[in-house]
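Engineer: Before we start, here is the structure in question, set down as structure tokens.
In full-length UniProt numbering, the protein residues as written are 1 to 673.
In structure tokens:
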């Protein structure tokens with residue numbers, strides 16, 4: 001199957017290149033390299049009403065569709081590495097587990113402290129609050145990415161702890177693209193739109209198959225090294241129905257992964273994972289009064305995870321099992337969850353210079369399946385019952401979670417007003433949980449706009465993250481255990497922002513201070529990895545972003561971050577970050593060079609010692625050529641220098657996690673008028 005896809009992709013790309021294109025594109029500026037597009041974007045993520053990058057009361061970075069294309073980025077985690085204050089690392093629970101952290105506050109291998117939105121609807125995993133699989137979200141479906149740094153609980157509640165990422169989906173202008181590469185067998189994407197009067201249907205579909213990279217790594221179960229790879233396949237499709245003031249979005253995605261690390265262990269024979277998610281997101285807008293607009297919201301989210309891995313060397317229980325078995329302990333875990341949400345949001349224009357947003361919502365998250373099947377009795381292993389019962393059919397079932405549910409009631413209110421050159425905002429949200437009580441998250445801020453080019457912002461906000469079902473209800477296993485006594489973690493954040501914007505340049509400098517209360521951190525309890533509420537911590541730092549289009553059809557985008565004080569638990573995070581993006585369009589060609597920098601980090605060993613993970617620059621390049629208004633070709637090369645970059649590991653017995661080596665992708669795109 002993979003060989004067939006690769007053969008089809010290569011021949012399709014070559015055929016497209018060889019076609020005689022007769023339409024001139026001399027006057028077509030398809031790359032849109034000026035700042036105009038960014039400055040005209042209306043952002044609703046932070047306040048639920050429209051704001052520009054100049055007036056929004058938050059530190060924000062926006063990537064438009066042309067920004068995404070200029071980077072040659074195919075997945076969300078590739079873009080997040082260019083956001084000030086954001087770090088992306090590869091971890092080892094799944095082969096394609098890329099975790100994002102904002103302002104150096106992470107939770108091991110997950111992104112639970114960042115809220116991910118799809119068209120403004122929360123899509124973090126209902127069971128775990130996790131979003132690492134969203135980091136591999138295909139950007140084929142996305143028109144714009146809005147990244148907020150800092151708390152967002154005053155609007156969104158839990159998980160909007162250190163950041164909010166809103167993925168705005170594309171309107172389906174008819175298009176087909178086909179890509180292949182040295183690791184990629186094929187990537188086929190198509191979208192189409194049907195429109196009649198006030199009714200429209202947008203359809204998008206994407207299928208990906210890849211052999212992945214090859215590695216030679218230390219074997220988990222022997223002192224030798226082992227050859228492995230990280231093949232994957234992904235399928236996603238999206239339907240959006242719009243009728244007047246109503247819309248319904250259906251998104252279905254499945255990601256299959258083999259080999260490499262699963263649960264931080266390598267086994268080419270047993271390692272296999274599947275992640276599947278389905279989102280149904282519906283909205284209906286109505287005008288209650290001339291000055292009051294309301295939106296009714298319904299969300300239904302379902303996730304299904306299957307993870308197979310090996311836990312012991314072969315023969316570990318040969319002498320103490322009944323019937324005797326030389327096989328290693330291996331098994332498959334099944335985790336299913338869902339979330340239903342109802343919301344009522346309102347935007348009230350009180351006067352010409354004042355408005356308010358208020359709303360209520362209800363949601364119920366449920367872990368519907370949390371069990372595993374193994375070839376040895378896990379209960380016998382944990383309780384040291386000899387002989388250990390073996391099951392050649394791998395049908396020994398063990399519960400790994402409480403299969404519990406959590407219900408949330410939330411209400412928020414926010415007031416905004418303008419007096420002279422100042423825009424003011426104040427608001428807060430009250431959340432009530434059955435098991436964790438109530439939490440109030442306030443925000444206040446001022447935006448001073450003395451001229452058309454200068455803006456100054458002073459902001460304060462609080463946020464919280466309630467423990468997830470997977471954190472409190474995880475049953476004690478071989479290496480991990482839950483903690484029913486966890487409390488919500490909380491944060492208080494101050495931001496001071498100075499910003500200059502004109503038609504060719506945008507400069508933003510932001511200083512921030514965070515104070516964490518009861519942070520949820522990893523700890524060792526009875527020989528198993530668990531979570532506890534740690535001591536209060538703090539962090540502070542400076543973030544900067546510079547965008548310049550100094551002459552026709554060229555652009556420079558730079559970012560830099562430095563943390564002056566980091567929590568002790570953030571040893572896996574870099575204290576200095578930087579990124580560079582350079583683009584130049586020459587006639588129908590666009591040349592691009594981009595890079596990201598991570599300073600030194602640390603990883604923890606099983607002996608309790610820290611080892612240093614060297615800092616590095618990662619460089620990428622892209623070439624795009626527009627044959628006509630309908631045909632385009634691009635070449636993207638990632639990790640130009642083919643260096644072996646390492647990330648810290650969350651597993652104490654690993655010395656680091658390897659990133660991918662040099663890989664290239666060639667893509668041909670056909671648009672239809």
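We put the CB at the ideal spot given by N, CA and C, even for glycine.
The structure presented is a predicted model; accordingly, all values stated were derived computationally and were not measured.
Report yes if the CB atom of residue 457 is closer than 8 Å to the CB atom of residue 151, and no otherwise.
Structural biologist: No, they are not a contact pair.
Engineer: Could you give the distance in angstroms between the alpha-carbon of residue 23 and the alpha-carbon of residue 177?
Structural biologist: Residue confidence is low: residue 23 scores 33 on pLDDT, short of 50, so the model does not pin down where it sits. Its coordinate-derived value is still stated next. Taking the straight line from one Cα to the other gives about 19 Å.
Engineer: Distance cutoff 8 Å, beta carbons only. Does residue 73 sit that close to anything in chain C?
Structural biologist: Absent here is chain C; the protein component of the structure consists of one chain.
Engineer: Buried or exposed: residue 286, going by 16 or more other Cβ atoms within 10 Å of its Cβ?
Structural biologist: Exposed, by the Cβ-count rule.
Engineer: Where do the ends of the beta strand (DSSP E) carrying residue 252 lie?
Structural biologist: Here the beta strand (DSSP E) through residue 252 covers 246 to 258.
Engineer: Quick one: residues in its chain with C-beta nearer than 7 Å to the C-beta of residue 461, no 5 flanking neighbours on either side, listed in chain order?
Structural biologist: Around residue 461: 150, 151, 154, 443 and 493.
Engineer: Between residue 194 and residue 201, which are expected to be in contact by the criterion C-beta below 8 Å, what is the C-beta distance as a whole number of angstroms?
Structural biologist: At roughly 5 Å, the Cβ-Cβ gap stays under 8 Å, so residue 194 and residue 201 are in contact.
Engineer: Can we say the stretch 568 to 576 touches the stretch 547 to 558, given the rule of at least three CB pairs closer than 8 Å?
Structural biologist: Segments in contact, no.
Engineer: Please report the Cβ distance between residue 355 and residue 347, rounded to the nearest whole angstrom; I am assuming they are in contact, meaning their Cβ atoms lie under 8 Å.
Structural biologist: That belief holds up - the Cβ atoms of residue 355 and residue 347 are roughly 7 Å apart, short of 8 Å.
Engineer: How long is the line joining the alpha carbons of residue 66 and residue 454, rounded to whole angstroms?
Structural biologist: Computed Cα separation, rounded: 26 Å.
Engineer: Going by beta-carbon coordinates alone, are residue 381 and residue 388 separated by less than 8 Å?
Structural biologist: Yes, these two residues count as a Cβ contact at 8 Å.
Engineer: Quick test of your reading: residue 595 and residue 617, contact by CB under 8 Å. State the CB separation rounded to the nearest angstrom.
Structural biologist: Confirmed, about 5 Å.
Engineer: So is residue 564 buried or exposed if we call it buried at 16+ other beta carbons inside 10 Å?
Structural biologist: By the 10 Å Cβ count, residue 564 comes out exposed.
Engineer: How would you label residue 451, buried or exposed, when you count the other beta carbons within 10 angstroms and need 16 or more for buried?
Structural biologist: Residue 451 comes out exposed.
Engineer: When the Cα atoms are used, what is the spatial distance from residue 414 to residue 59?
Structural biologist: Approximately 18 Å, taken between the alpha carbons.
Engineer: In this structure, does DSSP put residue 658 in helix, strand or coil?
Structural biologist: Looking at residue 658 - three-state DSSP - the assignment turns out to be strand.
Engineer: Rounding to the nearest angstrom, what Cα-Cα distance links residue 95 and residue 465 in this structure?
Structural biologist: In a straight line, the C-alpha of residue 95 is about 27 Å away from that of residue 465.
Engineer: DSSP on residue 453, reduced to helix/strand/coil?
Structural biologist: In this structure, residue 453 counts as coil in the three-state DSSP scheme.
Engineer: Could you spell out where the beta strand (DSSP E) holding residue 308 opens and where it closes?
Structural biologist: Here the beta strand (DSSP E) through residue 308 covers 292 to 310.
Engineer: In whole angstroms, give me the CA-to-CA distance for residue 438 and residue 487.
Structural biologist: If I take the Cα positions, the gap works out to 11 Å.
Engineer: CB residue 84 to CB residue 561, shorter than 8 Å?
Structural biologist: In contact: residue 84 and residue 561 (Cβ atoms closer than 8 Å).
Engineer: For residue 353, which of helix, strand or coil comes out of DSSP?
Structural biologist: Coil, per DSSP.
Engineer: Which term fits residue 220, buried or exposed, when burial requires 16 or more other beta carbons within 10 angstroms of its beta carbon?
Structural biologist: Buried, since its Cβ has 16 or more Cβ neighbours within 10 Å.
Engineer: Residues in its own chain within less than 8 Å of residue 566 by CB, not counting five upstream and five downstream?
Structural biologist: Here the set comprises 104, 539, 573 and 575.
Engineer: Compute the distance between the beta-carbons of residue 118 and residue 217, then report whether it is under 8 Å.
Structural biologist: Their beta carbons are not under 8 Å apart, which means residue 118 does not touch residue 217 by this criterion.
Engineer: Tell me, please, which residues DSSP counts as bridged to residue 424.
Structural biologist: Looking at the DSSP assignment, residue 424 forms a beta bridge with 417 and 446.
Engineer: Among 542, 537, 582 and 536, which one has its Cα closest to the Cα of residue 558?
Structural biologist: Considering only alpha carbons, the answer is 582.
Engineer: Thinking C-beta only, is residue 284 closer than 8 Å to residue 296?
Structural biologist: Result yes, Cβ atoms of residue 296 and residue 284 sit closer than 8 Å.
Engineer: Would you tell me roughly how many angstroms separate the C-alpha atoms of residue 656 and residue 648, rounded to the nearest one?
Structural biologist: Taking the straight line from one Cα to the other gives about 5 Å.
Engineer: May I have the straight-line CA-CA distance separating residue 645 from residue 667, to the nearest angstrom?
Structural biologist: Taking the straight line from one Cα to the other gives about 26 Å.
Engineer: Could you give the C-beta distance for residue 92 and residue 261, rounded to a whole number, given that I count them as a contact under 8 Å?
Structural biologist: Yes, they are in contact, since the Cβ atoms of residue 92 and residue 261 sit about 4 Å apart, within 8 Å.
Engineer: What is the rounded straight-line gap between the Cα of residue 48 and the Cα of residue 147?
Structural biologist: Each residue's Cα considered, the two are about 14 Å apart.
Engineer: Indicate, with yes or no, if the ligand PLP has a heavy atom lying under 7 Å from the CB of residue 495.
Structural biologist: As presented, the structure is devoid of all ligands, the ligand PLP included, so that no description of it is given.
Engineer: What would DSSP say about residue 385, mapped onto helix, strand or coil?
Structural biologist: Correct three-state label for residue 385: coil.
Engineer: If I measure Cβ to Cβ from residue 101 and keep anything under 6 Å in the same chain, skipping five residues before and after, which residues do I get?
Structural biologist: Here the set comprises 87.
Engineer: Terminal residues of the continuous beta strand (DSSP E) containing residue 495?
Structural biologist: Segment 489 to 501, the beta strand (DSSP E) holding residue 495.
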